[in-house]
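Numbering (my numbering), first residue to last: 8 to 161.
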Amino acid sequence: MSLDSFGCDFSLPQLDIIQNQNIELQDLLIEDLEEVKDKKQNETKNIPKNIGVLVKNYLKKNHQKQLQYNSTIKKFIHKGNQRKNYTRKDFKNLLQNAEARKICSQYFCSFQIIDDILKSKKIGNMEIVLKYIKKLFLATFDPEILSQLKYSTN
């Protein structure tokens, strides 16, 4: 056993133990990163569904007149009432209608949507949700933006 001036033993068996502990720590960190990635993917897959429900409720509550005669809005509401999940395609179809696009644009840039998100118990990662809403707002000017939608935390 070799001791330095501070009384520390730097023999090979102790270095092996330290290296093994480092490897175990790295493995744990990799597992944690994979769990976080899986959790984020789980959260993001529900974003269109959750935002769709918010939009549906907003339309039903604030735009009864348009619900009666606008078939695009009516279809969007009907899908939500059938307990089916909303998708990007549903938003794309909704935003191709001029009247629906105008209503959604107002909603996406209002404080009402932020209040609705804060009240929602199903919405997890606010940063990703707000980025999605930003994309939806931009899609009110060009619905094709939703064709290239990517979820990221950047």
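We put the CB at the ideal spot given by N, CA and C, even for glycine. The structure presented is a predicted model; accordingly, all values stated were derived computationally and were not measured.
Secondary structure at residue 115: helix, using DSSP grouped into helix, strand and coil. Assigned with DSSP and collapsed to three states, residue 70 falls in coil, not helix or strand. Remark: C-beta atoms of residue 93 and residue 86 approach each other more closely than 8 Å.
Setting aside the 5 residues that flank it on each side, residue 120 is surrounded in the same chain by 61, 114 and 140, each with a C-beta closer than 7 Å to its C-beta; the list follows chain order. By the criterion of at least three beta-carbon pairs nearer than 8 Å, the stretch 124-135 is not in contact with the stretch 92-108.
Taking all protein chains in view, the Cβ of residue 52 is surrounded by fewer than 16 other Cβ atoms within 10 Å, so the residue is classified as exposed. DSSP, read as helix, strand or coil, puts residue 108 in helix. In this structure, DSSP gives residue 148 a state outside helix and strand, which the three-state scheme calls coil. In the assembly as shown, residue 116 is an exposed residue. Its beta-carbon has fewer than 16 other beta-carbons within 10 Å. Just so you know, the alpha carbons of residue 112 and residue 64 end up roughly 15 Å apart.
Relative to residue 54, the option among 78, 143, 101 and 77 whose CA is nearest is 143.
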